[in-house]
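Going by my numbering, the sequence shown opens with residue -18, and the numbers climb by one from there. A short worksheet on the structure shown next.
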Amino acid sequence: MLTLAGILDDHPPTDPDGFLAFARSLRFPDIYQAVRVAEPLDDPVGFRFPASVRHRYERLPRFPDGFLVTGDAVCSFNPIYGQGMTVAALEALTLRRHLERGIEPRPRRWFRDLARVVDVPWDMSAGGDLAFPGVQGRRTPRSGWPTPTWPGCMPPPRATPASPPRSSASPGWWRHPSRC
Ligand SMILES: Cc1cc2nc3c(=O)[nH]c(=O)nc-3n(C[C@H](O)[C@H](O)[C@H](O)COP(=O)(O)OP(=O)(O)OC[C@H]3O[C@@H](n4cnc5c(N)ncnc54)[C@H](O)[C@@H]3O)c2cc1C
């Protein structure tokens, strides 16, 4: 299976020729070389991810007893970073720790512990996306930190913000390399 990703209206086409042309336009020819003579089993299928979303339940002053929230319902990451399942698994381990106390998990403590699980992957994922000027979202000193560490073709921040809507975002090495 081959996944191609773009950001901010730079999306891979879903017609077979356009998809192949997008693969061909990548900075490194390996992927195109691998698929250009291969026989597709199916047509490309598009998927758009509008925005990463984090709900700050830990900041609520009150929360009903008997309910907990976890997984994507707390924080939904841009799938291109491949973090959602790992974070959900770490949250499951957190839930086990809470249940081992033998009492009903307390929402305040639960959401506080969950925030600690989510903090780092959120900074990496949302922070990486925010390095693109066209991505909407609040910039903080922390949100820019991944930029210098991404390898390859991360484009430098542009002086003039682009204007597209919030969009599926991907790290620079997946971005259309002709513009990296
Ligand atoms: C295209 C794509 C690619 C991804 N790739 C990766 C990846 O490579 N690596 C990675 O770690 N993560 C990846 N993710 C993210 C990952 O899939 C999610 O973070 C993870 O599945 C979240 O788990 P969850 O249990 O919170 O939610 P889900 O897995 O969405 O589970 C929620 C379940 O609740 C059910 N449900 C919803 N409403 C109701 C209702 N009213 N009543 C009963 N049941 C209901 C749904 O049917 C679903 O089965 C990807 C996500 C997408 C969209």
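Note that the Cβ used here is the ideal one computed from N, Cα and C, for glycine as well. In this text, all values refer to a predicted model and were calculated from it rather than measured experimentally.
>> I'd like the span of the alpha helix (DSSP H) that includes Y13, first residue to last.
In response: Position 32 of the sequence shown, counting from 1, holds the residue named residue 13. Segment D11 to V16, the alpha helix (DSSP H) holding Y13.
> Helix, strand or coil for V34 per DSSP?
Replying inline: Numbered from 1 along the sequence shown, position 53 holds the residue referred to as residue 34. Three-state result, V34: strand.
>> Give the list of continuous beta strand (DSSP E) stretches no shorter than 3 residues that lie fully inside the stretch 14 to 91.
In response: none
>> Alpha carbons only, please: which of M(-18), P114, A96 and L(-17) is nearest the one belonging to L41?
In response: Translated into the one-based positions of the sequence shown, residue 41 becomes position 60. Closest by alpha carbon: A96.
> Say the cut is 7 Å; is the CB of A69 nearer than that to a heavy atom of ligand 1?
Replying inline: Counting from 1 along the sequence shown, the entry for residue 69 is found at position 88. Indeed, a heavy atom of ligand 1 lies less than 7 Å from the Cβ.
>> Relative to the C-alpha of G27, which candidate in T121, L74, G(-13) and A112 has its C-alpha closest?
In response: If you number the sequence shown from 1, residue 27 lands on position 46. Residue G(-13) is the option with its Cα nearest to G27.
>> Quick check: what's the CA-CA separation for F162 versus S33?
In response: As displayed, the chain neither begins before -18 nor continues past 161, which places residue 162 out of reach and without an answer.
>> Rounded to whole angstroms, what is the Cα-Cα separation between R93 and D110?
In response: Taking the sequence shown and counting its residues from 1, one reaches residue 93 at position 112. Taking the sequence shown and counting its residues from 1, one reaches residue 110 at position 129. Cα to Cα, R93 sits roughly 25 Å from D110.
> Does DSSP put R97 in a helix, in a strand, or in coil?
Replying inline: Mapped onto the sequence shown, residue 97 falls at position 116. Of the three classes helix, strand and coil, the one that applies to R97 here is helix, per DSSP.
>> Rounding to the nearest angstrom, what Cα-Cα distance links Q163 and E72 in this structure?
In response: Because the chain in this structure spans residues -18 to 161, residue 163 falls outside the shown range and cannot be described.
>> Going by beta-carbon coordinates alone, are P25 and F9 separated by less than 8 Å?
In response: Position 44 of the sequence shown, counting from 1, holds the residue named residue 25. Position 28 of the sequence shown, counting from 1, holds the residue named residue 9. Their beta carbons are not under 8 Å apart, which means P25 does not touch F9 by this criterion.
> Would G83 be called buried (16 or more neighbouring beta carbons within 10 Å of its own) or exposed?
Replying inline: If you number the sequence shown from 1, residue 83 lands on position 102. Flag for G83 reads exposed.
>> Quick check: does the Cβ of P102 come within less than 7 Å of any heavy atom belonging to ligand 1?
In response: By one-based count along the sequence shown, residue 102 stands at place 121. Flag unset: Cβ of P102 not near ligand 1.
>> For ligand 1, I want to know if P60 counts as a neighbour, meaning its beta carbon is within less than 7 Å of at least one of the ligand's heavy atoms.
In response: In the sequence shown, residue 60 corresponds to position 79, counting from 1. Yes, the beta carbon of P60 sits closer than 7 Å to at least one heavy atom of ligand 1.
>> For Y38 and R119, I'd like the C-alpha separation in whole angstroms.
In response: Locating residue 38 in the sequence shown gives position 57, counting from the first residue. Locating residue 119 in the sequence shown gives position 138, counting from the first residue. So the alpha carbons of these two residues sit roughly 18 Å apart.
>> Less than 7 Å between C-beta atoms, sequence neighbours within five positions excluded: which residues of the same chain meet that for W103?
In response: One-based indexing of the sequence shown puts residue 103 at position 122. So the list reads R35 and C56, once near-sequence residues are dropped.
>> Please state the DSSP three-state secondary structure of D(-4).
In response: Position 15 of the sequence shown, counted from the first residue, corresponds to residue -4. D(-4) falls in the coil class under three-state DSSP.
> Does the distance from the C-beta atom of V116 to that of L(-11) stay below 8 Å?
Replying inline: Numbered from its first residue, the sequence shown carries residue 116 at position 135. Numbered from its first residue, the sequence shown carries residue -11 at position 8. Contact: yes.
>> Once the 5 residues before and after I12 are set aside, which same chain residues still bring their CB inside 6 Å of it?
In response: What you label residue 12 is simply residue 31 of the sequence shown in a count that begins at 1. Result list for I12: A4, in chain order.
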